[in-house]
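To get our numbering, take the position in the sequence shown, counting from 1, and add 50.
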Amino acid sequence: VSKLPSDLAARLFVVLPPQLRNAVVQRSLHIGNVAPAAAELLEDVLRRDLLGRSDSGPVKAHHGQIANIFNQLDRSEMEELMASLEDLNRDDLNRIKAKLFTFEDIERLSQRARLLLFDEVQTEQIATALRGADTKLQELVLSSLSTRGRRMVETELGAEQGNITAQNIADARRTIARIAIDLSERGIITLDAGEASS
């Protein structure tokens, strides 16, 4: 699992039975080093047989890797997975939880962090992500935009939905959450308003 692309690993976690899911997460968190030659051989065979490709991506820290996988899911799937992992080592669980962030968690951010976040997001993505969001979250996001940006988003929200699908909305929300996580990892914002400086 730790070598799979995050989106594929996330989908795998959703379909695994809870007992197996817990075992996979536990092993992924505490996996030891494998001889590079053996790992390369196994990766090549699995990649060719299962994924039909031969490239490999960078390896990340284990807790961050698991959180990155979970961050690919929507909020309800993420909550279901976290609930099924309650018997996991408390420290491991807390370290994973600290790295989780969804679009709805924007409410946790300080005003300054929201301003910095939405400076990095295209107006069209913001408008798409806000479709179907609750009024409080919409207002919170809109208050984080420039006057011009806010007008543009409000205009798009007032227009017909057109060909925007639920998948488009979910993708826009995941993209914004990933940008927030990236800004946090770069030390530009914190994901917890309690730690943020205004």
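Even for Gly, the Cβ is constructed at its ideal location relative to N, Cα and C.
Are the beta-carbon atoms of residue 71 and residue 134 separated by less than 8 Å?
yes
To the nearest angstrom, how far is the alpha carbon of residue 112 from that of residue 119?
11 Å
Could you check if residue 178 is buried or exposed, using at least 16 other CB atoms within 10 Å of its CB as the buried criterion?
buried
What did DSSP end up calling residue 55 once you bin it into helix, strand or coil?
coil
Does the stretch 226-246 come close enough to the stretch 161-177 that 3 or more CB-CB pairs lie under 8 Å?
yes
Can you look up residue 209 in the DSSP assignment and give me helix, strand or coil?
coil
Roughly how many angstroms lie between the CA atoms of residue 154 and residue 69, to the nearest whole one?
28 Å
Which whole runs of the alpha helix (DSSP H) in the stretch 166-240 are 4 residues long or more, in chain order?
173-180, 185-192, 197-208 and 216-235
Can you give me the C-alpha to C-alpha distance between residue 189 and residue 183, rounded to a whole angstrom?
10 Å
Taking the alpha carbon of residue 62 as the reference point, which residue from 235, 81 and 116 has its own alpha carbon closest?
116
What did DSSP end up calling residue 127 once you bin it into helix, strand or coil?
helix
Taking the alpha-carbon of residue 76 as reference, which of 142, 147 and 230 has the nearest alpha-carbon?
142
Tell me whether residue 59 is buried or exposed, calling it buried when 16 or more other Cβ atoms sit within 10 Å of its Cβ.
buried
Same chain, Cβ closer than 7 Å to residue 219, five either side skipped, listed in chain order
178, 179, 181 and 182
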